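Participant:
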Amino acid sequence: MIALGGIDAAALGGTAPVLHGVNLAVAAGELLAVIGASGAGKTTLLNMLALMQAPLAGSLALDGTDPWLQTRSARQRLRAGIALAPQQPPLPPRQRVAVAVLAARLPGMSLARSLRTLWSPPDAPLAQAALEQLGLPDKLWLRVDRLSGGERQRVGLARLLVSDARLWLADEPLAALDPTRAEQVLTVLRRNAAERGAALVCSLHQVDLALKHFPRVVALRAGRVVYDGPPGGLDEELLEELYRSQHESPPELAPLPQAVPLPQAMCR
Ligand SMILES: Nc1ncnc2c1ncn2[C@@H]1O[C@H](COP(=O)(O)OP(=O)(O)OP(=O)(O)O)[C@@H](O)[C@H]1O
1 MIALGGIDAA ALGGTAPVLH GVNLAVAAGE LLAVIGASGA GKTTLLNMLA
51 LMQAPLAGSL ALDGTDPWLQ TRSARQRLRA GIALAPQQPP LPPRQRVAVA
101 VLAARLPGMS LARSLRTLWS PPDAPLAQAA LEQLGLPDKL WLRVDRLSGG
151 ERQRVGLARL LVSDARLWLA DEPLAALDPT RAEQVLTVLR RNAAERGAAL
201 VCSLHQVDLA LKHFPRVVAL RAGRVVYDGP PGGLDEELLE ELYRSQHESP
251 PELAPLPQAV PLPQAMCR
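Quick note: the sequence shown, position 130, residue 130 per full-length UniProt numbering, numbers continuous.
(1) Can you tell me whether DSSP reads His213 as helix, strand or coil?
(2) How long is the line joining the alpha carbons of Asp66 and Asp171, rounded to whole angstroms?
(3) Report buried or exposed for Arg72, applying the criterion of at least 16 other Cβ atoms within 10 angstroms of its Cβ.
(4) Which residues bound the alpha helix (DSSP H) around Pro92?
(5) Name the one or two DSSP bridge partners that Pro17 has.
(6) Would the C-beta of Val241 count as close to ligand 1, meaning under 7 Å from any of its heavy atoms?
(7) Quick one: is the Cβ of Thr65 within less than 7 Å of any heavy atom of ligand 1?
(8) Are the beta-carbon atoms belonging to Ala37 and Tyr243 less than 8 Å from one another?
(9) By the three-class DSSP mapping on this structure, what secondary structure does Thr44 have?
(10) Could you pull out every unbroken beta strand (DSSP E) segment of at least 3 residues lying fully inside the segment 46-87, listed in chain order?
(11) Just to confirm before moving on: does the CB-CB distance between Arg95 and Arg143 stay below 8 Å?
(12) Which of the three DSSP states is assigned to Leu136 in this structure?
(13) Using a Cβ-Cβ cut-off of 8 Å, state whether Arg181 counts as contacting chain C.
(14) Let's see if you can read the secondary structure: which residues bound the alpha helix (DSSP H) around Gly156?
(15) Which residues in the same chain as Gly81 place their Cβ atom closer than 6 Å to its Cβ, once the five residues preceding and following it in sequence are excluded?
(16) Given that a residue counts as buried once 16 or more other Cβ atoms are within 10 Å of its Cβ, and exposed if not, what is Arg191?
(17) Per DSSP, what kind of secondary structure is Arg244 in: helix, strand or coil?
(18) With the cut-off set at 8 Å, would you say Ala85 and Leu169 are in Cβ contact?
(19) Beta carbon of Gly135: closer than 7 Å to some heavy atom of ligand 1?
(20) For the candidate residues Ala50, Ala127, Arg77, whose alpha-carbon lies nearest to that of Ala100?
(21) Are the segment 171-191 and the segment 13-23 touching, with three or more C-beta to C-beta distances below 8 Å?
(22) Whole angstroms is fine: what's the gap from Ser163's alpha carbon to Arg105's?
(23) May I ask which residues mark the beginning and end of the alpha helix (DSSP H) holding Val99?
(24) Pull up the distance between the alpha-carbon of Gly13 and that of Lys42, whole angstroms please.
(25) For Val185, report the span of its beta strand (DSSP E) as first-last.
(26) Sorry if obvious, but does the Cβ on Val18 come closer than 7 Å to a heavy atom of ligand 1?
(27) Would you tell me roughly how many angstroms separate the C-alpha atoms of Ala11 and Ser203, rounded to the nearest one?
Right, dumping it as structure tokens:
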């Protein structure tokens with residue numbers, strides 16, 4: 001469905017390459033996790049797949065054609081087949097949750113229908129069903145700015161569930177969720193993607209969940225793909241290598257002062 005060939009890419013808003021020679025093909029209906037240390041390039045990779053900005057070098061093919069050689073409006077149409085849930089979903093604070101969720105369906109709609117959807121959402125039951133699955137059964141008509149960070153993140157994910165896209169991209173979808181909720185949300189995303197035949201690419205910091213939930217794992221280190229295969233092929237050594245830079249050269253810490261025992265009288 002989508003294939004990156006030897007891609008160099010800058011982060012959104014940047015100019016220097018942070019992805020180097022990345023090869024990655026995602027087939028229809030595939031489930032894949034992207035792991036790597038902070039700054040490894042996971043978000044940039046997802047943005048590439050979402051056609052957010054052109055690569056600096058290399059090739060990108062969506063269903064065999066390069067979207068970056070098409071006109072802007074043709075590319076816009078292609079983007080309708082791709083849904084991205086960013087790490088922090090840019091939801092208008094005063095918008096109702098129903099409208100925020102259903103906005104994900106706008107790219108495939110006529111202008112008249114999109115205006116109707118924004119004014120008085122006819123697909124509200126669809127949004128409600130998505131929110132229920134994600135553990136938000138009573139938030140449909142709340143304003144976005146009344147939600148917690150974790151709730152807002154799940155509203156961002158509900159947008160994937162209601163979209164007509166064939167490629168779902170979720171950038172650290174569990175960042176604001178507790179461990180139990182994180183497991184549930186991953187299960188919901190995977191199940192819905194499988195039912196709809198959509199490919200799901202998730203960037204994750206939770207390596208254990210990536211290995212448990214995804215049949216294919218792509219590991220990035222400093223903007224390069226260092227592993228692409230089944231979770232069973234990722235050994236301890238490679239995982240340590242992936243995250244080593246985070247632990248290298250720990251800052252010099254001054255020794256903590258010795259604890260001074262309190263007089264007994266102050267402990268009562
Ligand atoms: N606007 C920007 N201009 C220049 N460099 C940027 C910009 N945004 C991000 N970067 C750099 O690009 C690199 C890759 O960032 P990216 O956000 O893709 O990594 P990530 O793996 O998603 O990180 P995290 O897990 O912390 O979200 C990082 O070194 C980051 O500092």
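All residues carry an ideal CB built from backbone N, CA and C; glycine is no exception.
Quick caveat, the model's predicted, so the values are computed rather than measured.
Facilitator: By the coordinates alone:
(1) helix
(2) 23 Å
(3) exposed
(4) No alpha helix (DSSP H) contains Pro92, which DSSP labels as neither H nor E.
(5) Ala10
(6) The sequence given here places Glu at residue 241; Val does not occur at that position. Answer for Glu241: no, Cβ out of range of ligand 1.
(7) Not under cutoff, so the answer is no.
(8) yes
(9) helix
(10) 57-62, 82-85
(11) What sits at residue 95 in the sequence shown is Gln, not Arg. Against a cut-off of 8 Å, the Cβ pair of Arg143 and Gln95 comes out as a contact.
(12) coil
(13) Of the chains in the structure shown, none is chain C; there is only one protein chain.
(14) 149-162
(15) Ala165, Arg166, listed in sequence order.
(16) Exposure of Arg191 is indicated by the presence of fewer than 16 other C-beta atoms within 10 angstroms of its C-beta.
(17) helix
(18) Yes. Within cutoff.
(19) no
(20) Ala127
(21) With a cut-off of 8 Å, the segment 13-23 and the segment 171-191 do not count as touching, because too few Cβ pairs lie within range.
(22) Counting only the Cα atoms, Arg105 lies some 5 Å from Ser163.
(23) 97-102
(24) 15 Å
(25) Run containing Val185: none in the beta strand (DSSP E); it sits in the alpha helix (DSSP H), 179-196.
(26) yes
(27) 15 Å
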